[in-house]
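To start, the structure under review is shown below, and the notes come after it.
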Amino acid sequence: MPGDGSGARARRLRVLIVEDEILIADYLALLLEDAGHEIAGTAVTAKEALEVLDGSDPVDLVTLDVRLPGGMDGVQLAEILNERSGPPFLFITGSGDPVHRARCEAAAPLAILQKPVRPEALWEVVETAARAQSARARGR
Amino acid sequence: MRIVIADDDPDFRTLAIRALRREFEDAEYIEVSDQDSLDRALAFGRKPDLLVSDFSLGWTDGFELLRAAREAAPECPAIMFTGTGNEEIAVRAIKAGFDDYVVKSSKQLRHLAAAARMAVARGDTRRSLEENRDLLTQELYHRLHNNLQLIISLISFTQRALQDTDAREKLDDLGRRVQALSVLQERLYRGRDYRRVGFAAFLRELVDGLMGVHPEAVGVSFDLQDVPVPVDTAVPLALTANELITNALKHAFKDRGGQLAISFRNTDDGGYVLGVDDDGPGSGTSTDGLGMRLVRRLAQQLGGAVEITANRPRGTACRVTVPGRGRVV
């Protein structure tokens, strides 16, 4: 199960899932809830994701699919997140295209996870993000 | 368009250019008569769009020139245009990758332009086939991985809907099997050689994933030979490794921890031996379970053998031996 119980208790994160396959989004949501996190929302397009981000509820972390319908892909959405100093994000992608990968890397994500994602790999990335945010919260 | 004309004889270069101008009026013609002019023609990553070369050049030959041109532009169309040729050289030229072979004579000179046009068209086709193939591969890869993710998601939903612990565990095993195949698939694609896969790297990644599921203190040691395995052997072998390692992690250590040793190497006959050894108090295998049945069936498919022995003072040693190709089993 997620979390090894060592160190300070990391905070619960509110995660936005951007994924056009709804069943995959549901699965990712279950995995994140298994690790004690909360789902801030799921979005099928970048536009929907921005609506959630502009809403009143905070978002601590975003998972991004690379290929999205609606004209803007996950990397472009990541660039917007970077421009507006939005929440940290990770890519969860089914694409093996080296050009896609290079674009993903250039957006400085927390991680690039390949589909099908290993639950432990996802938990590890989210746990690290949660610890970093807890540390920052304590420092304030 | 850049056309490289390689010939020792300046008169023939002029004749060839005159003939080609009828077909490619606006092309830039680059005359090559020695190594210096060849270097200049291909300098700064300049790519030729067509090579017309004599067979025998004083300082090199047409085959070397083709190699140089294709290094700069892999799909570059090429024509051998020679007076010293014969049937044997014509066959060699086509086998080496020239698109056509034209004999130097006033009658054949007229054919040079038509041959060049055909060669350029073929080069275009080759290039677009190559691009389409890459696009198709990426599209298939994306679909495959998305679908594998969907399958794993569906297995997980089903598992969560079940009350029975045993049934849930069996679905968990099923999810791990699909995940193991996905890891292999990923390795295969990343290796860019779609026929063989680096099995050592696969085993490390597989174990890395499985260890996360069983966090009790199990140390793992690897003794892996980095040999590429043909894909039709790699798939059954990957599933076998998944079963043996999952079995050991589940049943051997009884939550007490211990050591797991994983080995993989080539045999003298070009086959492989996969070893999974534990020093746990439990049985690393349950001989009547589905896992071991799969291991035996997969070994049978590979024409191989499974050997399970007790380790002293405790633990289990599993060996799967796959014979090399060409050996009569």
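Those sequence lines, one after another, are chains A and B.
All residue numbers for the first sequence refer to numbering that gives the first Met the number 0, where the first residue is 0 and numbers rise by one.
All residue numbers for the second sequence refer to numbering that gives the first Met the number 0, where the first residue is 0 and numbers rise by one.
Cβ atoms here follow ideal geometry from the backbone N, Cα and C, with glycine treated the same way.
Keep in mind that this is a model prediction, so the values were computed, not measured.
Member of the options whose CA lies at the smallest distance from the CA of residue i
{"i": "Glu27 (chain B)", "options": "B:Ala118, B:Val305, B:Leu50 and B:Ser220", "result": "B:Leu50"}
{"i": "Ser32 (chain B)", "options": "B:Lys46, B:Asn310, B:Trp58 and B:Phe23", "result": "B:Trp58"}
{"i": "Val125 (chain A)", "options": "A:Arg100, A:Pro86 and A:Asp96", "result": "A:Pro86"}
{"i": "Gly73 (chain A)", "options": "A:Glu37, A:Arg102 and A:Ile21", "result": "A:Arg102"}
{"i": "Glu185 (chain B)", "options": "A:Asp64, A:Arg66, A:Ala131 and A:Val116", "result": "A:Val116"}
{"i": "Ser52 (chain B)", "options": "B:Thr83, B:Ala160, B:Gln148 and B:Gly44", "result": "B:Thr83"}
{"i": "Met79 (chain B)", "options": "B:Ile93, B:Glu24, B:Gly290 and B:Thr232", "result": "B:Ile93"}
{"i": "Asp38 (chain B)", "options": "B:Ala71, B:Leu19, B:Arg20 and B:Asp7", "result": "B:Ala71"}
{"i": "Phe252 (chain B)", "options": "B:Ala40, B:Asp276, B:Pro235 and B:Val234", "result": "B:Asp276"}
{"i": "Asp7 (chain B)", "options": "B:Glu24, B:Glu22, B:Ser36 and B:Leu209", "result": "B:Ser36"}
{"i": "Lys46 (chain B)", "options": "B:Pro73, B:Glu130 and B:Glu86", "result": "B:Pro73"}
{"i": "Gly218 (chain B)", "options": "B:Arg295, B:Ile244, B:Ala237 and B:Thr266", "result": "B:Ile244"}
{"i": "Asp133 (chain B)", "options": "B:Ala160, B:Arg191 and B:Val119", "result": "B:Arg191"}
{"i": "Asn310 (chain B)", "options": "B:Glu129, B:Pro280 and B:Asp172", "result": "B:Pro280"}
{"i": "Glu86 (chain B)", "options": "B:Ala114, B:Ala115, B:Phe54 and B:Arg21", "result": "B:Phe54"}
{"i": "Arg83 (chain A)", "options": "A:Pro97, A:Leu52, A:Gly70 and A:Ala24", "result": "A:Leu52"}
{"i": "Arg376 (chain B)", "options": "A:Asp25, A:Asp56 and A:Arg66", "result": "No information on residue 376 (chain B) is available, as it lies outside the stretch 0 to 328 that chain B covers here."}
{"i": "Leu293 (chain B)", "options": "B:Ser262, B:Thr239 and B:Pro76", "result": "B:Thr239"}
{"i": "Asp231 (chain B)", "options": "B:Lys249, B:Gly323, B:Asn246 and B:His250", "result": "B:Gly323"}
{"i": "Leu14 (chain B)", "options": "B:Leu56, B:Arg109, B:Asp98 and B:Ala298", "result": "B:Arg109"}
Inter-residue CB distance, residue i and residue j (contact presumed, cutoff 8 angstroms)
{"i": "Gln300 (chain B)", "j": "Asp278 (chain B)", "result": "About 30 angstroms separates the two Cβ atoms, so there is no contact after all."}
{"i": "Asp48 (chain B)", "j": "Ile2 (chain B)", "result": "7 angstroms"}
{"i": "Ala48 (chain A)", "j": "Val17 (chain A)", "result": "5 angstroms"}
{"i": "Tyr193 (chain B)", "j": "Leu202 (chain B)", "result": "The Cβ separation is near 20 angstroms, so there is no contact."}
{"i": "Ser220 (chain B)", "j": "Ala166 (chain B)", "result": "Not really, about 34 angstroms apart at Cβ, beyond 8 angstroms."}
{"i": "Leu149 (chain B)", "j": "Leu22 (chain A)", "result": "6 angstroms"}
{"i": "Ala9 (chain A)", "j": "Arg130 (chain A)", "result": "5 angstroms"}
{"i": "Val14 (chain A)", "j": "Thr92 (chain A)", "result": "About 17 angstroms; that fails the 8 angstroms criterion."}
{"i": "Arg264 (chain B)", "j": "Gln224 (chain B)", "result": "4 angstroms"}
{"i": "Ala373 (chain B)", "j": "Ala179 (chain B)", "result": "Any answer about residue 373 (chain B) is impossible in this case: the structure gives chain B only from 0 up to 328."}
{"i": "Tyr271 (chain B)", "j": "Val228 (chain B)", "result": "7 angstroms"}
{"i": "Leu248 (chain B)", "j": "Leu209 (chain B)", "result": "6 angstroms"}
{"i": "Glu24 (chain B)", "j": "Ala115 (chain B)", "result": "Not confirmed; about 13 angstroms, so no contact."}
Residue i versus residue j - alpha carbon distance
{"i": "Met117 (chain B)", "j": "Leu111 (chain B)", "result": "10 angstroms"}
{"i": "Glu68 (chain A)", "j": "Val43 (chain A)", "result": "Correcting the residue type first, residue 68 (chain A) is Pro in the shown sequence and not Glu. For Pro68 (chain A) and Val43 (chain A), the distance between alpha carbons rounds to 8 angstroms."}
{"i": "Arg396 (chain B)", "j": "Arg125 (chain B)", "result": "This structure cannot settle anything about residue 396 (chain B), because the visible part of chain B is limited to 0 through 328."}
{"i": "Pro9 (chain B)", "j": "Met0 (chain B)", "result": "21 angstroms"}
{"i": "Phe90 (chain A)", "j": "Ala89 (chain B)", "result": "54 angstroms"}
{"i": "Ser155 (chain B)", "j": "Leu170 (chain B)", "result": "8 angstroms"}
{"i": "Val319 (chain B)", "j": "His144 (chain B)", "result": "29 angstroms"}
{"i": "Val321 (chain B)", "j": "Gly174 (chain B)", "result": "26 angstroms"}
{"i": "Ser5 (chain A)", "j": "Gly256 (chain B)", "result": "Model confidence at Ser5 (chain A) stands at a pLDDT of 44, short of 50, so the residue's coordinates are unreliable; what they give is reported in the following sentence. Straight-line Cα distance between these residues: approximately 18 angstroms."}
{"i": "Arg331 (chain B)", "j": "Gly288 (chain B)", "result": "With chain B represented from 0 up to 328, any question about residue 331 (chain B) goes unanswered, as that position is not in the structure."}
{"i": "Asp59 (chain A)", "j": "Arg11 (chain A)", "result": "9 angstroms"}
{"i": "Val305 (chain B)", "j": "Leu273 (chain B)", "result": "10 angstroms"}
{"i": "Val196 (chain B)", "j": "Leu19 (chain B)", "result": "47 angstroms"}
{"i": "Phe88 (chain A)", "j": "Ala42 (chain B)", "result": "44 angstroms"}
{"i": "Lys46 (chain A)", "j": "Glu119 (chain A)", "result": "29 angstroms"}
{"i": "Gln34 (chain B)", "j": "Ile4 (chain B)", "result": "13 angstroms"}
{"i": "Ser181 (chain B)", "j": "Leu147 (chain B)", "result": "7 angstroms"}
{"i": "Gly2 (chain A)", "j": "Gly211 (chain B)", "result": "Confidence at Gly2 (chain A) is low in this model, with a pLDDT of 47, below 50, so its placement is unreliable and no value can be given for it."}
{"i": "Thr157 (chain B)", "j": "Val177 (chain B)", "result": "15 angstroms"}
{"i": "Gly269 (chain B)", "j": "Gly302 (chain B)", "result": "14 angstroms"}
{"i": "Asn241 (chain B)", "j": "Met71 (chain A)", "result": "39 angstroms"}
{"i": "Pro76 (chain B)", "j": "Arg189 (chain B)", "result": "30 angstroms"}
{"i": "Leu27 (chain A)", "j": "Glu123 (chain A)", "result": "14 angstroms"}
{"i": "Lys106 (chain B)", "j": "Val234 (chain B)", "result": "59 angstroms"}
{"i": "Pro108 (chain A)", "j": "Glu50 (chain A)", "result": "21 angstroms"}
{"i": "Ala316 (chain B)", "j": "Thr308 (chain B)", "result": "5 angstroms"}
{"i": "Gln162 (chain B)", "j": "Glu130 (chain B)", "result": "51 angstroms"}
{"i": "Ala336 (chain B)", "j": "Ile29 (chain B)", "result": "There is no way to answer for residue 336 (chain B), as the model of chain B reaches only from 0 to 328."}
{"i": "Ala106 (chain A)", "j": "Asp64 (chain A)", "result": "13 angstroms"}
{"i": "Ser104 (chain B)", "j": "Phe198 (chain B)", "result": "57 angstroms"}
{"i": "Ala110 (chain A)", "j": "Ser94 (chain A)", "result": "14 angstroms"}
{"i": "Val101 (chain B)", "j": "Thr81 (chain B)", "result": "7 angstroms"}
Proximity test, residue i beta-carbon vs the ligand COA heavy atom, cut-off 7 angstroms
{"i": "Gly35 (chain A)", "result": "In terms of ligand content, the structure shown is empty, and the ligand COA therefore cannot be addressed."}
Within 9 angstroms of chain B by C-beta, residues of the region 114-138 of chain A in sequence order: Lys114, Pro115, Val116, Arg117, Pro118, Glu119, Ala120, Trp122 and Glu123
Does the region 137-145 of chain B come close enough to the region 59-67 of chain B that 3 or more CB-CB pairs lie under 8 angstroms? no
Going along the region 74-102 of chain A in order, which residues come within less than 7 angstroms of chain B, judged by CB to CB distance? Gly93, Ser94, Gly95 and Asp96
How do the region 66-77 of chain B and the region 127-137 of chain A stand: do at least 3 beta-carbon pairs fall below 8 angstroms, yes or no? no
Counting pairs of Cβ atoms below 8 angstroms between the region 73-81 of chain A and the region 21-35 of chain A, do you hit three or more? no
Name, going along the chain, the residues of the region 131-148 of chain B whose beta-carbon falls closer than 7 angstroms to a beta-carbon of chain A. Gln137, Tyr140, His141, His144, Asn145, Leu147 and Gln148
Of the residues that make up the region 13-26 of chain A, which ones have a beta carbon closer than 8 angstroms to any beta carbon in chain B? Glu20, Leu22, Ile23, Asp25 and Tyr26
Listed in chain order, which residues of the region 60-74 of chain A have Cβ atoms closer than 8 angstroms to some Cβ of chain B? Arg66
Contact list for the region 167-192 of chain B against chain A, Cβ threshold 8 angstroms: Val177, Gln178, Ser181, Glu185, Tyr188 and Arg189
What are the residues of the region 112-128 of chain B that lie near chain A, defined by any Cβ-Cβ distance shorter than 9 angstroms? none
Mind checking the region 251-276 of chain B against chain A and listing, in chain order, the residues whose C-beta falls within less than 7 angstroms of any C-beta there? none
With 7 angstroms as the C-beta to C-beta threshold (strictly closer), list the residues of the region 12-37 of chain B near chain A in chain order. none
Using a Cβ-Cβ cut-off of less than 8 angstroms, list which residues of the region 41-54 of chain B approach chain A; keep chain order. none
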